[in-house]
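K.L.:
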Amino acid sequence: MQDFLLTDGRYQYEWKKSKHPAYHFRMTARDMARFGLLYQNKGKYGDLQIIPPEWITESTTSYSINNLNGDGYGYMWSIIPEEAGLGNGFYHTGTGVHFLAVLPDAKLVLVHRVDTDKDFDITWKEIRQLMYMIGEARISSN
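In my numbering, the protein residues as written are 1 to 142.
1. Contact defined as beta carbons within less than 8 Å: I believe H24 pairs with T93. What is the distance between those atoms, to the nearest angstrom?
2. Between F120 and the rest of its own chain, which residues show a CB-CB distance below 8 Å, the 5 nearest in sequence each way excluded?
3. If you draw a straight line from the C-alpha of M133 to the C-alpha of R26, how long is it?
4. Taking its Cβ as the centre, do 16 or more other Cβ atoms sit within 10 Å of Q12, making it buried, or is it exposed?
5. Specify whether the segment 53-67 and the segment 75-83 touch according to this definition: at least 3 beta carbon pairs, one from each stretch, less than 8 Å apart.
6. Pull the bridge partners of I50 from the DSSP assignment, please.
7. For I122, collect the residues of the same chain with a Cβ closer than 6 Å to its Cβ; drop the 5 residues on either side in sequence, then sort them by chain order.
8. Report yes if the C-beta distance between D71 and G87 is below 8 Å; otherwise report no.
9. Using the DSSP secondary-structure output, state which residues sit across from I139 in a beta bridge.
10. Near Y45, what residues of its chain come up, given a Cβ to Cβ distance below 7 Å and the 5 sequence neighbours on each side ignored?
11. Ignore the nearest five residues each way along the sequence and tell me which others in D8's own chain have a CB closer than 7 Å to its CB.
12. Excluding the 5 residues flanking E82 on each side, which residues of the same chain have their C-beta closer than 8 Å to its C-beta?
13. Between the Cα of I139 and the Cα atoms of G85, P52, L6 and T57, which residue gives the shortest distance?
Dropping the structure here:
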């Protein structure tokens, strides 16, 4: 990650919910896009294999289903169902509506960020709809 600093991360303890703290960190759109490209390229950055391709496959495999929207869930990635028409796509959401989607069949990485410290007027449903619209337009143009 090019822009990340150690001060961009912090632990958040909520003892009433879990004995395990969450680790929140902020990423720039550029770093999010690079992370998405790393996954789209099966863990390769140029000629260098940074993440084993087996891990990319394993972590983006659906092991359960989200009852709210029907998407699958892998290791911290939501998996887009094949019947949605976006190929083997997957995405991750962060605080608010921070969003990173990887649509390998469309050769597309989508990043959406908001200022988490301020109010924002976009909803998760709108971001998801936008992802589908962009993905469908990109795939149908190939």
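Quick reminder that beta carbons are idealized off the backbone N, C-alpha and C, glycines included.
P.N.:
Reading from the atomic positions:
1. Position 24 of the sequence shown, counted from the first residue, corresponds to residue 24. Position 93 of the sequence shown, counted from the first residue, corresponds to residue 93. Contact between H24 and T93 is absent: CB atoms are separated by about 13 Å, not below the 8 Å threshold.
2. On the sequence shown, position 120 is the one that residue 120 refers to. The answer, listed in chain order, is G96, V97 and V114.
3. As a first step, residue 133 is located in the sequence shown; it is residue number 133 there, counting from the start. As a first step, residue 26 is located in the sequence shown; it is residue number 26 there, counting from the start. Distance between the alpha carbons of M133 and R26 is about 27 Å.
4. Here the question's residue 12 lines up with position 12 in the sequence shown. By the 10 Å Cβ count, Q12 comes out exposed.
5. With a cut-off of 8 Å, the segment 75-83 and the segment 53-67 count as touching, because enough Cβ pairs lie within range.
6. Position 50 of the sequence shown, counted from the first residue, corresponds to residue 50. Paired residue(s): none; I50 is not in a bridge.
7. Along the sequence shown, read from residue 1 onward, the residue named residue 122 stands at position 122. Take I122, set aside five residues on each side of it, and the residues of its chain with a beta-carbon closer than 6 Å to its own are V97, in chain order.
8. Counting from one through the sequence shown, the residue named residue 71 turns up at place 71. Counting from one through the sequence shown, the residue named residue 87 turns up at place 87. No. Outside cutoff.
9. One-based indexing of the sequence shown puts residue 139 at position 139. Residue pairing for I139: DSSP places it in no beta bridge.
10. Start at 1 with the first residue of the sequence shown, and residue 45 comes out as number 45. Within the same chain, Y45 has close Cβ partners L38.
11. Working through the sequence shown from its first residue, we reach residue 8 at position 8. Taken in chain order, the residues that qualify are F25 and R26.
12. In the sequence shown, residue 82 corresponds to position 82, counting from 1. Beyond the five residues adjoining it in sequence on each side, E82 comes within less than 8 Å, by CB distance, of N88 in the same chain, given in chain order.
13. Here residue 139 is taken as the residue at index 139 of the sequence shown, counted from 1. That would be G85, whose Cα lies nearest to the Cα of I139.
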